Amino acid sequence: MPKFRVAIVGAGLTGVFFAIALEKYAPDVEFEIYEGASRLSEIGAGIALQARPWTMMQATGLDKELLKIAGNGERPALAVLYRKSDQAEGFQFSEQIDNSFTFARAEVQKAFLGRLHASDRVHVGKRFVSYHQPADGAGPIELRFEDGTTATCDILVGSDGVRSAVRASMYSHLAQAAEAQGKQQEADELRHHAHPVFSGWSIYRTVIHKSGETAVHPAFNRPTFVFYCGRDTHIVTYPISQGRALNVAAVIKLPNLEGKFYTGPSSSVASRDEYTDRFKGWESDVTEVVKHMDNTTKWAVNVVTKLPTYVDGHAALLGDAAHGMTPHQGAGAGQGFEDGFLLAQFLGRPDVNTDTLHIALQVYDEIRRPLAQKVVALSHLSGQLHSLEDPDVLEDDGSERALTPEELRRLGDKIEQVKEWRRVTSLLDENEVSMRRLAEAIGAARTS
Ligand SMILES: Cc1cc2nc3c(=O)[nH]c(=O)nc-3n(C[C@H](O)[C@H](O)[C@H](O)COP(=O)(O)OP(=O)(O)OC[C@H]3O[C@@H](n4cnc5c(N)ncnc54)[C@H](O)[C@@H]3O)c2cc1C
1 MPKFRVAIVG AGLTGVFFAI ALEKYAPDVE FEIYEGASRL SEIGAGIALQ
51 ARPWTMMQAT GLDKELLKIA GNGERPALAV LYRKSDQAEG FQFSEQIDNS
101 FTFARAEVQK AFLGRLHASD RVHVGKRFVS YHQPADGAGP IELRFEDGTT
151 ATCDILVGSD GVRSAVRASM YSHLAQAAEA QGKQQEADEL RHHAHPVFSG
201 WSIYRTVIHK SGETAVHPAF NRPTFVFYCG RDTHIVTYPI SQGRALNVAA
251 VIKLPNLEGK FYTGPSSSVA SRDEYTDRFK GWESDVTEVV KHMDNTTKWA
301 VNVVTKLPTY VDGHAALLGD AAHGMTPHQG AGAGQGFEDG FLLAQFLGRP
351 DVNTDTLHIA LQVYDEIRRP LAQKVVALSH LSGQLHSLED PDVLEDDGSE
401 RALTPEELRR LGDKIEQVKE WRRVTSLLDE NEVSMRRLAE AIGAARTS
């Protein structure tokens with residue numbers, strides 16, 4: 001008899017990582033994964049994992065498989081070059097060190113799925129629509145799927161991405177509860193959180209497999225991250241697949257659409273005309289990279305609004321469903337892994353049982369939400385800085401102006417400061433504090 005039955009909605013990177021963490025930290029917890037797509041595949045190009053996510057890969061034993069497919073082999077210390085590139089002669093204004101491993105996302109997804117012992121627990125073609133939860137956690141949660149079927153669980157975890165149907169269902173329940181108490185304004189605000197909003201950024205992503213000209217041209221062969229920056233536009237490159245390929249993301253801002261509801265597809269096949277003009281007149285490395293961008297996918301980056309909770313009774317949000325953010329810190333998946341790492345360890349504790357589950361989920365929310373929302377804000381700021389926008393350097397009338405080389409160097413220092421949390425914080429130390437916090441919360445509930 002399992003301690004809990006968990007339903008995980010969404011088999012993206014964070015949902016599958018959570019399942020792997022459950023297998024390690026909560027072996028008496030049973031799970032089923034419900035994936036809406038008819039088969040498991042990962043679109044997208046590259047992904048970078050810094051020290052904090054890497055700690056979790058080591059703790060769960062995934063590091064060995066991942067090292068075999070890292071873009072930089074076994075060396076995490078990659079240089080990151082920042083250049084002002086929207087001119088014929090580029091200008092490097094900062095060089096930093098980033099302890100990141102870089103990967104092709106599809107290869108990471110394959111490694112995760114290969115590691116999942118209970119792979120028969122992944123059910124594809126199961127598009128979640130809504131859930132029903134009895135009041136006060138009295139009885140199982142019922143999940144409803146688009147194909148008319150249902151399933152039950154003790155704990156529902158929504159890892160179904162930025163357009164999460166679990167979040168939509170959760171915020172509809174929370175709004176109804178507020179309405180029932182006559183709190184109409186609160187209900188309206190809660191309904192607003194059901195859907196993501198457009199970040200203002202579109203990203204054109206591809207992978208260039210090196211051969212012929214690209215095997216020898218320096219722009220394709222630097223063992224570094226390179227940020228080629230210009231106003232409202234930048235392009236990022238880094239090596240993946242043990243250096244055999246280059247990940248490319250051309251990042252373009254459409255400021256007028258920021259904060260609006262976006263009804264188009266999250267990703268679509270892009271034509272060259274959509275992005276090549278933005279790089280006309282840029283330094284030659286950029287025009288060379290853009291020339292070789294084929295099979296490009298456009299990502300309209302939607303973000304989750306600042307949620308007041310990740311938890312409703314025994315239902316919880318995890319990954320992009322909870323905090324889908326801009327990619328400027330390369331931290332979205334890492335934050336989702338942190339959610340799953342913590343939640344799995346909470347569920348595996350002997351003092352977390354049917355009576356104390358609600359406390360564990362509340363503490364999960366209290367710890368993870370402020371941390372993830374801070375990273376969302378830092379990522380937003382990084383996007384501004386990568387666009388060569390320095391909020392501290394404005395004309396007297398408040399308008400922006402081109403930065404001098406010295407101001408650009410200072411901007412480079414700011415970019416480094418905004419990423420500092422990734423270097424100076426320790427996930428394992430924080431984990432210990434989190435475990436103590438849960439033990440105290442359970443202890444306090446027992447004595448009250
Ligand atoms: C350009 C770009 C670069 C990035 N680079 C980095 C990086 O370097 N490092 C980093 O850490 N992060 C990065 N990120 C962020 C990272 O990609 C995301 O945070 C991460 O992939 C989110 O994973 P997820 O599993 O939460 O969501 P998703 O990957 O969106 O997975 C959600 C899953 O749920 C399924 N699903 C959706 N709806 C339903 C439903 N109704 N029922 C059942 N299943 C459903 C989907 O099919 C999918 O399989 C980047 C993002 C972008 C756009």
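Counting from 1, position 375 in the sequence shown corresponds to residue 375 in full-length UniProt numbering; the numbering is continuous, with no gaps. The beta carbon of each residue, even a glycine, is placed where N, CA and C say it ideally should be. This structure is a prediction, so every number in the text was calculated from the model and none was measured.
So, for Leu342: in the same chain, excluding its five sequence neighbours on each side, which residues have a beta-carbon less than 8 Å away from its beta-carbon?
The residue labelled residue 342 in the question sits at position 342 within the sequence shown. Within the same chain, Leu342 has close Cβ partners Tyr364, Ile367, Arg368, Asn431, Ser434.
Kindly indicate which residue of Ala444, Ala321, Glu416 has the alpha-carbon position closest to the one of Val157.
Numbered from its first residue, the sequence shown carries residue 157 at position 157. Closest by alpha carbon: Ala321.
Asp120 versus Ile155 - alpha carbon distance
Here the question's residue 120 lines up with position 120 in the sequence shown. Here the question's residue 155 lines up with position 155 in the sequence shown. Near 19 Å, if we compare the C-alpha coordinates of Ile155 and Asp120.
Run of the beta strand (DSSP E) containing Gly36, from where it starts to where it stops
Working through the sequence shown from its first residue, we reach residue 36 at position 36. Unbroken run through Gly36: none, as it is neither H nor E.
Would Phe225 pass as a contact of Leu408 if the rule is Cβ separation under 9 Å?
Reading the sequence shown from its first residue, position 225 is the one you call residue 225. Reading the sequence shown from its first residue, position 408 is the one you call residue 408. Result no, Cβ atoms of Phe225 and Leu408 do not sit closer than 9 Å.
Relative to the alpha-carbon of Gly206, which residue among Trp299, Ala79, Leu385 has its alpha-carbon at the smallest distance?
Position 206 of the sequence shown, counted from the start, is the residue given in the question as residue 206. For the record, residue 206 in the displayed sequence is Thr; it is not Gly. Looking at the Cα atoms, Trp299 is the closest of the given residues.
Starting from Gln109, trace the alpha helix (DSSP H) in both directions and tell me its first and last residue.
Counting from 1 along the sequence shown, the entry for residue 109 is found at position 109. Here the alpha helix (DSSP H) through Gln109 covers 105–115.
Quickly, what does DSSP pair Arg222 with across the bridge? List them, please.
For the purposes of this step, residue 222 is taken as residue 222 along the sequence shown, with counting starting at 1. Its beta-bridge partners do not exist; DSSP assigns none.
Mind checking which residues open and close the alpha helix (DSSP H) that includes Pro239?
Your numbering for residue 239 matches position 239 in the sequence shown. Segment 233–240 is the beta strand (DSSP E) holding Pro239; no alpha helix (DSSP H) there.
Selection from Ala138, Ser164, Lys210, Ile235 that minimises the alpha carbon distance to Leu388:
Numbered from 1 along the sequence shown, position 388 holds the residue referred to as residue 388. Ranking Ala138, Ser164, Lys210, Ile235 by Cα distance to Leu388 puts Ile235 first.
First and last residue of the uninterrupted beta strand (DSSP E) at Gln96
Within the sequence shown, numbered from 1, the residue matching residue 96 stands at position 96. Looking at the DSSP string, the run of the beta strand (DSSP E) that includes Gln96 is 91–99.
Please state whether the Cβ-Cβ distance between Val197 and Gly259 is less than 9 Å.
Residue 197 sits at position 197 when you count from the first residue of the sequence shown. Residue 259 sits at position 259 when you count from the first residue of the sequence shown. Yes. Within cutoff.
Does the beta-carbon distance from Ala21 to Ala377 come in below 9 Å?
Counted from its first residue, the sequence shown places residue 21 at position 21. Counted from its first residue, the sequence shown places residue 377 at position 377. Taking 9 Å as the Cβ cut-off, Ala21 and Ala377 do not qualify as a contacting pair.
Using C-beta distances below 7 Å, list every residue in its chain close to Phe128, excluding the 5 sequence neighbours before and after it, in chain order.
By 1-based counting over the sequence shown, the position of residue 128 is 128. The answer, listed in chain order, is Val9, Tyr34, Gly36, Leu143, Phe145, Asp160, Ala165, Val166.
Less than 8 Å between the CB of Tyr34 and some heavy atom of ligand 1, yes or no?
Position 34 of the sequence shown holds residue 34. Yes, since a heavy atom of ligand 1 falls inside the 8 Å radius drawn around the Cβ of Tyr34.
How close, in whole Å, do the beta carbons of Thr297 and Ser267 come, if the pair is a contact with beta carbons under 8 Å?
Reading the sequence shown from its first residue, position 297 is the one you call residue 297. Reading the sequence shown from its first residue, position 267 is the one you call residue 267. Confirmed, about 5 Å.
Should Arg75 go down as buried or exposed, given a rule of 16 or more other Cβ atoms within 10 Å for buried?
Indexing the sequence shown from 1 puts residue 75 at position 75. Arg75 should be labelled exposed.
Taking the DSSP output, what are the residues bridged to Asn302?
Here residue 302 refers to the residue found at position 302 of the sequence shown. Phe198.
Check the DSSP bridge columns for Glu213 and list the partner residues they point to.
Position 213 of the sequence shown holds residue 213. Its beta-bridge partners do not exist; DSSP assigns none.
Reference Ala333, options Gly264, Thr356, Thr102, closest by Cα
Translated into positions along the sequence shown, residue 333 becomes position 333. Nearest C-alpha to Ala333: Thr102.
Assumed close pair Leu190, Ala180 - CB separation to whole angstroms, cut-off 8 Å:
Counting from 1 along the sequence shown, the entry for residue 190 is found at position 190. Counting from 1 along the sequence shown, the entry for residue 180 is found at position 180. Not quite, the Cβ-Cβ distance comes to about 12 Å (not below 8 Å), so this is no contact.
Mind checking Phe261: buried by the 16 CB within 10 Å criterion, or exposed?
Taking the sequence shown and counting its residues from 1, the one referred to as residue 261 is at position 261. Classification of Phe261: exposed, given that the 10 Å Cβ count is below 16.
Could you pull out every residue in the same chain whose Cβ sits closer than 8 Å to the Cβ of Tyr238, ignoring the five residues on either side in sequence?
The residue you call residue 238 lines up with position 238 of the sequence shown. Cβ neighbours of Tyr238 beyond the five flanking positions: Gly46, Ala48, Gly71, Leu78, Thr102, Thr224, Phe225, Val226, Leu246, Asn247.
Throw me the rounded Cβ distance for the Gln329 and Val375 pair, which I believe falls under 8 Å.
Working through the sequence shown from its first residue, we reach residue 329 at position 329. Working through the sequence shown from its first residue, we reach residue 375 at position 375. That belief holds up - the Cβ atoms of Gln329 and Val375 are roughly 6 Å apart, short of 8 Å.
Using only the alpha-carbon positions, how far apart do Lys210 and Lys64 sit?
The residue labelled residue 210 in the question sits at position 210 within the sequence shown. The residue labelled residue 64 in the question sits at position 64 within the sequence shown. Between Lys210 and Lys64, the C-alpha separation is close to 25 Å.
Could you tell me whether any non-hydrogen atom of ligand 1 is closer than 8 Å to the CB of Gln181?
To locate residue 181, count along the sequence shown from 1; it is residue 181. Flag unset: Cβ of Gln181 not near ligand 1.
Which residue wins for smallest C-alpha separation from Met56, given the options Val269, Val251, Ser85, Asp339?
Here residue 56 corresponds to residue number 56 of the sequence shown, with the count starting at 1. The residue with the shortest Cα to Cα distance from Met56 is Asp339.
Need the endpoints of the alpha helix (DSSP H) that Val18 sits in, please.
In the sequence shown, the residue the question calls residue 18 occupies position 18. The sequence given here has Phe at residue 18, not Val. Element bounds for Phe18: 13–25.
Cutoff 7 Å; reference Ile359; Cβ partners in own chain excluding five residues on either side:
Stepping through the sequence shown from its first residue, residue 359 is reached at position 359. Taken in chain order, the residues that qualify are Ala441, Ile442, Ala445.
Is Ala270 helix, strand or coil by DSSP?
The residue labelled residue 270 in the question sits at position 270 within the sequence shown. Three-state result, Ala270: coil.
Can you look up Phe261 in the DSSP assignment and give me helix, strand or coil?
What you label residue 261 is simply residue 261 of the sequence shown in a count that begins at 1. Phe261 falls in the coil class under three-state DSSP.
Are the CB atoms of Asp285 and Ala219 nearer to each other than 9 Å?
Indexing the sequence shown from 1 puts residue 285 at position 285. Indexing the sequence shown from 1 puts residue 219 at position 219. For Asp285 and Ala219, yes; Cβs fall inside 9 Å.
Where do the ends of the alpha helix (DSSP H) carrying Ser169 lie?
Mapped onto the sequence shown, residue 169 falls at position 169. Run containing Ser169: 165–180, per the alpha helix (DSSP H) assignment.
Please identify the residue among His380, Val301, Glu420, Ala439 whose C-alpha is closest to the C-alpha of Pro350.
In the sequence shown, the residue the question calls residue 350 occupies position 350. Considering only alpha carbons, the answer is Ala439.
Note down the Cα distance separating Gln87 from Trp282, rounded to an integer number of angstroms.
Residue mapping note: residue 87 aligns to position 87 of the sequence shown, counting from 1. Residue mapping note: residue 282 aligns to position 282 of the sequence shown, counting from 1. Taking the straight line joining both Cα atoms gives about 5 Å.
So which of Trp54, Ser130, Ile208 has the shortest CA-CA distance to Asp98?
Within the sequence shown, the letter at position 98 stands for residue 98. Considering only alpha carbons, the answer is Trp54.
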